[in-house]
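Visitor: Under the UniProt record's numbering, read the sequence shown as residues 1 to 959, first letter to last.
Following this message is one structure expressed as structure tokens.
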Amino acid sequence: MGEQREAPEEVRQRIGFYRSCYLADSRDLDLDNLGKLRAERWAWLDGRDELACGDLPVIALPPALGAELDKQQNLYQRELQLVYGVLPICGRLQREDAPALSLCGPLVYYEARLSASADADGYLLTIDTAQPHANWRLLRSLMRPEHVDELSGLPLPAAAIDAHVLGELLQWLQRFTLVEDVLQGAAFPRLDEAQTLSKARRGKPPSLRAAAFVALVARGSGSRGIAHELQQLQQSEALSAPLRRLLGEALPADPREAVNSTPESLPSLLSAAQVQALDSAARFDLSQIAGPPGTGKSYTLAALALDRYLNGESVLVVSRSEQAVRVVADKLRHDFGLANIVLDGNGQDLRRALRAHLDDWLQGNLGGRQRLTQTAAERHCRNQRRRQGLDPDTPLELPEEPLRAQLQALVEQERGLAEAFRQRAVQALRWSSLIERAQRRALGFWARWWTLPRARRQVREAVRPWELLDRLRQCQREREQSSQRYLGLRRREQLGYLVATERPTLVRYNQALRARNSQRQLALFDDIEPTQLLTAFPIWVMTLDELHRLLPLRAELFDVMLMDEASQCDIASALPAFQRCRRAVVCGDVRQLRHVSFLSRQREVDLLVRAGLDARDREQWSYRDNSVLDLVGMHLASQQAVTFLDEHFRSRPALIRFSNEQFYNGQLKVMKERPGQESPGLARPSQESPGQPDSAALAHAGCDSLQLVRLQGERASNGVNQAEVDWVLNMLGEHLRHYAASPLKPSIGVLSPFRDQVDAIREQVAASLSLEQVREFRLLIATPYGFQGEERDLMIISFAIHGGSSQAAAYLNREDMFNVAITRARERQLLLYSGDEKGLPSGHLLRRYLENLHAQQREHPAGQALNGFQQALCSALQAHGVRTWANYPLAGLLLDLFCQRGDKYLAIDLVGFPGEGEGFLELERYLVLARAGLETLPLSYALWTLEPELALQALLQRL
């Protein structure tokens, strides 16, 4: 397993096919004409360029400009990209058979980042001069016909634009393009005034100008780096096992026998399904985690990454979106308390973050307040000699070893307590059965006079089961804390050892990251030993687009690759990530949205045939219709390699119930379910406007978690339902006013399936809300594509249709889109609908969803068919003001008794009374319920019979 070897020709043909599809589907940034951008999204800068020429790492923007860009960027997070452009080509290009083409686009641009200044009164702009982008789309329109092949020869080094670089660019432009006047650009980095540039935009022919601008532009798709790596894959002598299996090569199905997954050593509590996912990741070269909405996919991936690190392996975590990988990194950093183990940009440029780490380490700073002392450096050097066999008789000096031994002792103690709890439950079942039979006078002579008295004495003297549970939970807490301490010290020791013994490796890698051109970078990468590099950074977290910028394309560079939101990842972009690992785990949900491709099916067939493949296989290998998740599902070695996460933690029951029943066959166990919660319903009418719902009442005052708001709006010819837009604005205003003084601001999401409606809401929000409000409430306004992987406390869904908009209603009937749309809320969801759902087809998803709202109030069998044990306990608890529900369904279980007093809940597992509930829950179920915030106690019939007051007080103490 994990063995590299030459792949069959068909595998290489498929790589070539995917590369062709990727190139055909890619779109460069549209930077041909800045005049087409909205005025509030771009501006010329004046004075002198200090970023691209390398004079300063950061510049201040005018406060008004920075504030507007920041607000627009927050409202259009996934649609717009901030760029800094220099050396624009401005003017009108005369064409023979067409009108003159207006041009005003940069020759070079950079991805830019905007941040608040230290005093929070201004905005700072930063770029990475080592990552310039040529405006290829603009240059293609300007190349002289006889020099088209020279486009790839643009002299653009990965460095600041100094006088030498500027001179080479000017010469190249003048020689190979239709830009005849390049002298004006020679004044760079001095910048032309806006008035001069306005005049130049009207001139003929186009000229190069000394200017710089900042702009928010629509994101492009595709990367030259990914396309280049796909070409390298085609020519590679050896391909990784996961990549070969993914692309259809028949490999042995046998998993690894020696499994070294250690979930019990993690600083967390995992479910059985999560433990299975860790086991599969250790055994199979290709495995899959199926994660419906809110089932803890990111937490599982974080735990998986940490488990692999604990077992001495390196991990690469990737996804298409920055949001997805950032969530996994945050889980590792905050939930597990392991900031120093993860390499990610944390919202900043990853290359810059990497260089900052290296600079710190080379100066002896190992993170936080930890420094590499002289004593530690000498110890690391002694250990190096021993590992090299130069001093074999002396044991290694490992400061983390006592913590590892302590952790192992706690693991063993926890196992012992778990076994003691299981044995105690078995005894309780046996004792209860004996006492119940005695009450029915069903015991023989010896049992009545010998066994029964002995059992009664044992019941009174035995350790109470809740005491065992308390000790077990305390041991778990100590084990988790011990695990964090051990991991932290182990990481510091590994890092200190690397800095003390392999400093030249870190220096070379630092040089590679700062190389002025890609050839120099590759040469330096080739000189670096991968195992040393991955010791420095055991867990890498990045997007697929960042891979080629930071890591060489080496087969099986990492032990494990984890891919989140795999349904959103196109196959071509993902192939280089599969090449870089020995084993791969993909995580996603086939019931959610796939990546968007604009490649036509006919064009895809043509590319398939051109690659030498059979056109009849298009459906199996389709780039357009299949995501990475789909392709992995076709080529897994065994069903054992699939894990289904079935515990839903995100939402209240009413919010997930329809999706659970419609898309997941009721398999999800809803962990937030509690008795007495409000049922879905209709919004109350407003007193001021009888025909409209009261948005102020909905903003607070104990509303249901899922509500339908009926409006009298219509979808206009521009695709906007203005009544719903107005209602959204009113609701947002009420929500913001209600929580203005609250230290915790409930986050808000506004979703519409239609782009026109989303844009209309965004425009009005931009005009009425401040940037501070948008940020404080984490306001996100988007289509379902913009919400995949996101969640908010309050969701407002504007369906933006009415009875007559049949074509729009048909679009709403897409299962993947509809599933994402209705599963983003944690606490509350408001549905805005204009019209009557009965006008939709009977099987339409939206109609079924709205009709389902009235049928969601569940009838629990509380108080029905209670046995004698339940009746007695309920009566005793109710006498102390405790509400009780018997046989309550929760998380796939039927709880014997569910109790509530005030805001506290308790579940009771009744053991030993004859009937369906006679047995006891497995310990893992107690722990699962604890993860859902619900304490569960076992109570045997024997103990209740012999010590009723003691048992009752133990229950009341927890309520």
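Here a beta-carbon is modelled for each residue, glycine too, at the ideal position from N, C-alpha and C.
1. Kindly list the residues whose CB is nearer than 6 Å to the CB of Phe558, restricted to its own chain and excluding five residues on each side of it in sequence; keep chain order.
2. Output yes if chain D places a C-beta closer than 7 Å to the C-beta of Gln662; else output no.
3. Considering Cα atoms alone, identify which of Leu69, Arg385, Ala800 is closest to Glu40.
4. Could you name the residues that DSSP lists as bridge partners for Asp181?
5. Would you check if the distance between the CB atom of Ile539 and the CB atom of Ala238 is smaller than 7 Å?
6. With burial defined as no fewer than 16 other Cβ atoms inside 10 Å of the residue's Cβ, what is the status of Val58: buried or exposed?
7. Just how far apart, CA to CA, sit Glu724 and Arg824?
8. What distance in whole Å lies between the Cβ atoms of Gln73 and Leu65, which are believed to be in contact at a cut-off of 8 Å?
9. Any idea if Leu390 is buried or exposed, counting beta-carbon neighbours within 10 angstroms, 16 or more meaning buried?
10. Thinking just about the alpha-carbon of each residue, which of Val928, Leu832, Ser622 is nearest to the one in residue 960?
11. Going by other Cβ atoms of all chains shown within 10 Å of its Cβ, with 16 needed for buried, is Asn612 buried or exposed?
12. To the nearest angstrom, report how far apart Glu502 and Gly496 are at their CA atoms.
13. With Cys381 as the anchor, note down where its alpha helix (DSSP H) starts and where it stops.
14. Considering only C-alpha positions, which residue in the set Leu82, Arg441, Pro189 is nearest to Asp46?
15. Between Trp727, Val642, Arg610, which lies nearest to Tyr18 when the distance is taken from Cα to Cα?
16. Using DSSP bridges, identify the partner residues of Phe213.
17. Quick check: does the Cβ of Ile59 come within less than 6 Å of any heavy atom belonging to the ligand FMN?
18. Would DSSP call Leu395 helix, strand or coil?
19. Measure the alpha-carbon distance for Leu952 versus Leu407 and round it to whole angstroms.
20. How big is the Cα-Cα spacing for Glu436 and Ile908?
21. By Cβ distance below 7 Å, which residues in the same chain neighbour Arg775 in space, the five residues on each side in sequence not counted?
22. Less than 8 Å between the CB atoms is what I'm expecting for Tyr22 and Ala566, so what's the real figure, rounded?
23. Can you give the beta carbon distance from His548 to Glu229, rounded, assuming they're within the 8 Å contact cut?
24. Whose C-beta lies closer than 8 Å to the C-beta of Glu947 among residues of the same chain, with five residues either side of it excluded?
25. Alpha carbon to alpha carbon, how far is Arg113 from Ile127?
26. Between which residues of its own chain and Leu955 is the CB-CB distance below 6 Å, once the five residues before and five after are set aside?
27. Leaving out the 5 sequence neighbours to the left and right, which residues in its chain are closer than 8 Å to Ser20 when beta-carbon positions are compared?
28. Quick one: using the 10 Å Cβ neighbour count with 16 as the cut-off for buried, is Leu142 buried or exposed?
29. With DSSP run on the structure shown, which of helix, strand or coil describes His880?
30. Run through DSSP, which three-state label would Ala697 get?
31. Please report the residue range of the alpha helix (DSSP H) in which Asp470 lies.
32. Between the Cα of Ala211 and the Cα atoms of Gly105, Asn510, Arg616, Arg491, which residue gives the shortest distance?
33. Can you tell me whether Val83 is buried or exposed? The criterion is at least 16 other CB atoms within 10 Å of its CB, across all chains shown.
34. Leaving out five residues before and five after Glu851 in sequence, what residues of the same chain have Cβ atoms less than 8 Å from its Cβ?
35. Can you tell me the Cα-Cα spacing of Asp646 and Asn665, whole angstroms?
36. Assuming Thr196 is part of the beta strand (DSSP E), what are its boundary residues?
Guide: Inspection of the coordinates gives the following:
1. Ser314, Leu316, Arg580, Cys581
2. In the structure shown, chain D cannot be found, because there is only a single protein chain.
3. Leu69
4. Ser207
5. no
6. exposed
7. 19 Å
8. Wrong, their Cβ atoms sit about 12 Å apart, outside the cutoff.
9. exposed
10. As shown, the chain starts at 1 and ends at 959. That puts residue 960 outside it, with no answer to give.
11. First, the residue type needs correcting, since residue 612 is Gly and not Asn in the sequence shown. With fewer than 16 other Cβ atoms within 10 Å, it is exposed.
12. 10 Å
13. 374 to 387
14. Pro189
15. Arg610
16. Trp44, Gly85
17. The ligand FMN is absent from the structure shown, which contains no ligand whatsoever.
18. The identity of residue 395 in the sequence shown is Pro, whereas the question assumes Leu. Note: Pro395 maps to coil in three-state DSSP.
19. 36 Å
20. 19 Å
21. Asn74
22. Not really, about 17 Å apart at Cβ, beyond 8 Å.
23. 5 Å
24. Val459, Arg460
25. 7 Å
26. none
27. Leu607, Arg610, Ala611
28. buried
29. coil
30. Bear in mind that a pLDDT of 49 at Ala697, under 50, signals an unreliable position, so the model cannot answer this.
31. 465 to 501
32. Gly105
33. buried
34. Glu837
35. 11 Å
36. Note, Thr196: premise wrong, no beta strand (DSSP E); alpha helix (DSSP H) at 194 to 200.
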